[in-house]
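Residues -36 to -1, 1 to 699 in mature numbering (1 follows the signal peptide of the UniProt record, and there is no 0) are what the sequence shown lists, from first letter to last.
In what follows, a structure is listed as structure tokens, so that the remarks can point back to it.
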Amino acid sequence: MPGRSHGRAFAPARLLISLLVSLLLSLLAGAPHAHAADALNGRNLYLNGPAGGGTACASCHGPTPANNVSGILAAANNPGVITRAFAANRGGMGALYNGRFTPAEIEDLAAFIGNPGVTPAPVASVSPASLSFAATPLGQSAGPLAATLANSGSGPLNVAALSLTGAAAGDYAISGGSCANGAVVAAGASCTVQIGFRPSAAGTRDASLVIAHNATGGSSTVGLSGTGNAVPQATIALSANAIDFGALVAGVASPARAITVNNTGQAALAFTGIAVGGADPGLFTLGGSCGTASPVPAGGSCTVTVTASASAGGAFSGSLSLVSNASNGTVSVALGGTVAAAAPAIAASPSAVAFGSQTVGGAPASQAVTLANTGNVALAMGNIGVSGSAAITIAGNTCGTTLAVGAGCTVTLAFAPQAEGPAAATLAVASNAAALQVTVSGSGTTAPVARPALSEPGPVAFADTRVGQGAAARTITLANNGTAALKIASLVLDGAAVADFRLAGTCAANVTVSPGGNCTIDIGFHPAAPGQRAATMLLVTDGGSQFTVALAGTGVAVPVPMLAVSPQSFDFGSTDVNGTAPTRRFAVTNGGGNPAVLTGASFAGPFSLQADSGACAAFPFTLQPGAACDLVVRFAPTVGGDASGSMVLAAEGGSPLTVALSGRGAVPAVQVPAAPQNNGGSGCSAATSGNDPVLALLVALSVAVLAWRRAMDKSAQESVQESVQESVNKQGRQA
């Protein structure tokens, strides 16, 4: 029948079209596989066997599938071959592995068999993909943000370089984090990059952090965005971030300690709260010129004073908080110290006096003993006397009735033997501290003896000296007033700050001084830290004489200038290229208590310093406390378009001050139109590389359509032939 003939003719075409449509739908669905085969994990399973233990595939198929032992390459990227081999127990594999590998592990095995040369490789990713900073006043810094670089691959990730790119790259800085140039991030580990933002111009400021590495793609990028806020704001700068009251005596108030608050911003500073919190707020009393009713103008300052007083022993602490409209928010000053009960104490240096051998009937030899108040309250001095040998007496006493905390006085002892032999005595000091005794010894002789004497018995006090610098040396002469030579047995320094003092000169250990001769001791002071620094020089002769000289000095911290500049940023606006350069005056103020030495100004961009008779003196110059002067800056663009730069002021002992500068040249920048781009694979394509899956589908559909048309043509021909044959047959029957 014609109907059957047509049905038979269309059947192959229908089947082919059905298969192609199924393939098309499967490809268009694009559903990802539940498991991405991991050839490295397959390598581990191949060489070591199932995770739960057992025979390794390598024991039968050799160390690498590449050798195709027992035809294993048939399973290359084909997990079904492995599954069927297990099911059929081919070569006994079913007994070994059925139920021991998961379907995902079988896929990993097939992937390794298909890629036996696979090696560990890093996989880099960053999160978040972008960092967005809050709007920040020009010249101020926003709180830092961090991005994480993770290695989810199987090999080490080598960080080649960290860099900032983009139009506003200069507004960002890498300020910390564990990622660094040359760092290695292990597989499964990560590192961080911390970025700071300091806008130099108003508006949106975009840039990128680029991390170059050895993973696929060669680098990872983090977008950076922030906004420069040109609205003037106040900014707080403190002269100190903490106050240590030290050791206080119970019930006795400390001296008032002051904190200077400087407004380094561009608007008035208004306080909304000044208070003490923390563990022991009731122990502190506030004062000073800062107050909620007294705004501080831009470039101005005020002070907060704090006094501490406690009745109980132990440590105490608190926190001074300054709440204001400043751009850097609430600032705090840590407060702390310790309290102890009144404890008078006295110490002697040296703790024992040795005169050695002295000539009977000769002139008295003398040595000094220094008494120091080492307690926390004043000493009430009592009787000071000597008991023992009559040859040992007190020749002088500078101690009065009281001795302040940390103060000292001197008792001079004399030894004038009247007979040969040893002599001994005791120096006793009475006060409201525990009794103090110093042993004194000597010996009388008629033989020639040396008589050492120091030109300065001490204590030796040096002038206050900056940390890291040296005070003028002090020279002490050791003279031999006797009839025999003396030899220096020992000349050393001792004490808590021994490294801050130095000895030089002609006197030294094993040096001999003839009768009537002398040598010199040069003592230097080089404080390594601020505060009181003390040590002791000890000289001993071969005759038994001992000299102890107390050394003291105070290290002074390098004064930090409290400099501020206003405004902290400025936009010169539009200026004719190579025309008359506009200028702007910037006020530099020293709000600290020490003179500030400004050493220079450096510029970036088309900006420079303009000479002006009413401006600051030529660099370097000194700005006294509370003083101010103007720096005149000019803007001279040589090309059209936007221009940005900065002025950086350098000062001794302080951080550089940076002023953000900007402007525009009157000639507009030439805009070059971007060339049109076609990133596709040509025509209707979703690919950017030319490997377009849609293109393959279109080819498959074309083949299907051609096949269908050929089937239709063949069917039509068969239909015509059947019709002709049917007519012939009909005519034959009629005849």
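Ideal Cβ positions, reconstructed from N, Cα and C, are used throughout, including at glycine.
Asked	Found
For Ser184 and Leu286, believed in contact at Cβ under 8 Å, the rounded distance	That pair is no contact at about 42 Å.
DSSP beta-bridge partners of Phe465	Phe489
Boundaries (first-last residue) of the beta strand (DSSP E) holding Gly252	Phe248 to Gly252
Host beta strand (DSSP E) of Asn115 (start-end)	Ala106 to Asn115
Contact the stretch 188 to 198 vs the stretch 247 to 254: 3+ CB pairs below 8 Å	no
Presumed contact (8 Å Cβ cut-off) between Ala392 and Gly349, rounded CB distance	6 Å
CB of Thr553 within 7 Å of CB of Ala528, strictly	yes
Sufficient close CB pairs (3 or more, under 8 Å) joining the stretch 497 to 515 to the stretch 316 to 335	yes
Pick from Ala492, Leu60, Ala68 and Tyr10 that is closest to Asp428, judged by C-alpha positions	Ala492
Nearest-angstrom Cα separation, counted from Ala231 out to Ala262	5 Å
For His177, the residue or residues it bridges with in DSSP	Val123
Three-state secondary structure (DSSP) of Gly81	coil
Proximity test, Ala342 beta-carbon vs the ligand FMN heavy atom, cut-off 6 Å	Summarising the ligand content, the structure contains no ligands, and the ligand FMN is consequently not present.
Inter-stretch contact at 8 Å, needing at least 3 Cβ pairs: the stretch 443 to 462 / the stretch 533 to 543	no
Nearest candidate by alpha-carbon position, reference Gly590, set Cys266, Asp135 and Phe571	Cys266
Other residues of its chain near Val431: CB distance less than 8 Å, five sequence neighbours each side excluded	Pro491, Ala492, Ala493, Pro494, Gly519, Val520, Ala521 and Val522
Sub-7 Å separation of Pro120 and Ser139 beta-carbons	no
Between the CA atoms of Gly181 and Ser653 - distance to the nearest angstrom	Annotation note: pLDDT 40 at Ser653 (below 50); position unreliable, coordinate value reported separately. Each residue's alpha carbon lies about 15 Å from the other.
Residue ranges of each beta strand (DSSP E) within the stretch 193 to 280, 3 or longer	200 to 202, 206 to 213, 221 to 227, 235 to 241, 248 to 252 and 265 to 272
DSSP bridge partner residues for Val413 (one or two, in chain order)	The partner list for Val413 (beta bridge, DSSP) is empty, contrary to what the question assumes.
Boundaries (first-last residue) of the alpha helix (DSSP H) holding Phe50	Pro43 to Ala51
Limits of the alpha helix (DSSP H) - the one that Cys24 falls within	Ala22 to His25
Straight-line Cα distance separating Ala276 from Ala579	56 Å
Spatially closest choice to Ser34 from Ala59, Ala560, Ile77 and Ala272, by CA coordinates	Ile77
Burial state of Gln382 (16 or more Cβ within 10 Å)	exposed
Terminal residues of the beta strand (DSSP E) in which Arg438 lies	Arg438 to Asn444
Nonlocal neighbours in the same chain, by C-beta distance under 6 Å from Ser91, ignoring five residues either side	Thr112
Exposure label - Gly55; buried when at least 16 CB within 10 Å	exposed
CB of Ser127 within 7 Å of CB of Val174, strictly	yes
Proximity below 7 Å, CB of Leu73 to CB of Leu9	yes
Candidates Ser96, Ala378, Ser203 and Phe209: closest to Ile159 by CA position	Ser96
Contiguous beta strand (DSSP E) assignments of at least 3 residues, all confined to the stretch 298 to 336	310 to 313 and 316 to 323
Among Ala417, Ala568 and Leu595, nearest to Pro531 - alpha-carbon criterion	Leu595
Candidates Val295, Cys155, Arg48 and Thr129: closest to Gly141 by CA position	Cys155
Secondary structure, beta strand (DSSP E): runs of 3+ residues fully inside the stretch 473 to 537	482 to 489, 495 to 505, 510 to 520 and 527 to 530
Simplified DSSP state of Pro386, which is helix, strand or coil	strand
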